[in-house]
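To convert, note that position 156 of the sequence shown is 494 in our numbering; the numbers rise steadily by one, no gaps.
Working notes, beginning with the structure itself.
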Amino acid sequence: MSDEGPILVTGVNGYLGARAAEAVLKAGYSVRGTVRKVDAGQKTKDALVALGYDASRIELVEVPDISPEGAFDKAVVGCSAILHVAAPITDIFVLAPPDVVRVATEATTRIVDSAIKYAGPELRSIVLMSSSAALFDIPPVPARYDENNWAENSYKAVMTPEILEKIDPAHRPLMAYAAAKLHSEREFWKKRDEVAAAGGDHAKISFTAIQATWFFGPPVVPWPSAKALPYSASWLTRVLAGEDPAAARMMAGTLPSEAAIDVRDVARVLVWAALNPDKADGERFLCSAGAGGSQAVADILDRVSKTGEVPELSGYVVKNKGTPGKGYGPDYSLKTDEPALEFDGSKVVKATGVDYIPFEQSVLDTVKFALPVVTQS
């Protein structure tokens with residue numbers, strides 16, 4: 339076990355936050371997690387304890403609002419690293435798009451400010467959870483994207499009333515999310531430049547940003563109902579519920595994006611970046627693995643439900659098989675003649691020396707948790 343200070347995970351009760359906390363504990367560190375209400379975080383703590391981790395190494399800190407100045411002042415004290423995972427996911431459906439950008443950006447810049455002022459000499463790394471939405475514009479342009487790409491128009495569209503009012507209201511939440519991720523990350527890198535320019539010990543702190551495509555994978559805390567299923571994995575859960583794979587594709591109304599990544603891989607990379615500042619400082623790392631998408635899910639479920647190799651799928655019948663084999667290759671990579679978004683997640687595999695969890699394993703691990711609540715709905 340490490341005798342260094344705890345690693346702070348913001349939004350520890352979230353889908354990714356809980357997995358990040360698990361990865362911290364697995365690495366031998368204590369975790370301090372922020373939550374809007376301690377009661378919400380207790381379920382995550384209980385689940386981690388049930389997995390065999392010591393309760394004394396899991397601390398919860400209540401931060402009701404992540405955007406005000408000083409919100410993280412107490413939470414950062416004594417931390418050896420910070421994983422800023424919390425994001426205004428629910429806010430994108432409630433707040434006006436410009437306010438979504440404001441909240442996300444203020445939370446990002448202010449946790450850096452709090453860290454510089456109050457974390458103390460043990461702090462060595464700050465890792466921001468960005469998004470692949472910071473890489474491409476909306477509507478998206480068919481291309482192969484990696485860490486060198488930056489979106490341009492989402493922020494301008496959200497912050498310009500004349501442009502925003504012309505955007506279909508149904509598309510505004512996604513646009514707001516993309517703009518928030520884009521602007522937050524840009525401001526994060528500006529903060530790094532400011533800290534470096536100020537000199538002193540703080541200039542040695544590592545700054546890293548992680549982008550990721552659609553999350554899926556098993557949760558730490560089992561989903562209690564179909565309403566709790568994450569939007570990022572809906573391309574899988576909708577097929578599981580019987581929808582046409584073509585209709586279940588993410589962003590089906592624009593340019594479908596099939597790239598996905600296991601949430602456990604993202605959590606592992608977050609912690610790796612925090613613990614390897616010599617390799618991660620100043621870097622962006624895109625996490626993106628299989629791109630088989632909803633059609634591959636239907637094909638996997640159809641095959642596995644017949645073999646009996648997954649007991650949870652015994653008796654399950656795929657209601658809508660779509661077009662078997664369409665859109666992906668034998669390794670679940672993208673294979674299509676249609677315009678598409680492609681993502682290159684190879685940089686972080688080379689940097690960490692660890693490959694991603696196989697796509698089929700991620701699908702089946704997710705299904706084991708999602709099937710009970712899908713069939714109840």
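Even glycine gets a Cβ: it sits at the ideal position worked out from N, Cα and C.
Here the structure is a predicted model, which is why all the values come from computation and not from measurement.
Item: Touch test, the stretch 474 to 481 against the stretch 434 to 448, Cβ-Cβ under 8 Å, three pairs minimum; Value: no
Item: Proximity to Y670 [Cα-Cα], best of E650, G653, K519 and A636; Value: A636
Item: Span separating the alpha-carbon of L702 from that of V607; Value: 22 Å
Item: Buried versus exposed, by CB contacts within 10 Å (16 or more), R641; Value: exposed
Item: Neighbourhood of A518 by C-beta, 6 Å cutoff - its chain only, sequence neighbours within 5 removed; Value: V438, V439 and A442
Item: For W788, the three-state DSSP class (helix, strand or coil); Value: Nothing can be reported for residue 788, as the shown portion of the chain is limited to 339 through 715.
Item: M497, DSSP secondary structure in three states; Value: helix
Item: Beta-bridge partners of G458, as assigned by DSSP; Value: Paired residues: none, contrary to the question.
Item: Residue burial classification, V655 (beta-carbon count within 10 angstroms, cutoff 16); Value: exposed
Item: Whole-Å CB distance - G555 paired with V609, under 8 Å assumed; Value: About 16 Å separates the two Cβ atoms, so there is no contact after all.
Item: Span of the alpha helix (DSSP H) around M513; Value: R510 to A536
Item: Per-residue DSSP class, three states only, for T447; Value: helix
Item: Straight-line Cα distance separating H521 from L386; Value: 33 Å
Item: Bridge partners - Y666, DSSP secondary structure assignment; Value: L672
Item: Contacts around I638, its chain only, beta-carbon distance under 6 Å, and the 5 residues preceding and following it disregarded; Value: E698 and V701
Item: DSSP-derived helix/strand/coil call for F697; Value: helix
Item: Beta bridge counterpart(s) of V465 as assigned by DSSP; Value: L421 and T546
Item: Proximity of P583 and Q549 at Cβ, strictly below 8 Å; Value: no
Item: Stretch pair the stretch 684 to 696 + the stretch 608 to 625: three plus CB contacts closer than 8 Å; Value: yes
Item: Separation of V347 from T382, as counted between CA atoms; Value: 12 Å
Item: DSSP three-state assignment for A634, whether helix, strand or coil; Value: helix
Item: Beta carbon of L354 nearer than 8 Å to that of H422; Value: no
Item: Simplified DSSP assignment, three categories, for D429; Value: helix
Item: Contact set for A721: own chain, Cβ-Cβ below 6 Å, skip 5 residues either direction; Value: Residue 721 lies beyond the residue range present for the chain, which begins at 339 and ends at 715; the question has no answer from this structure.
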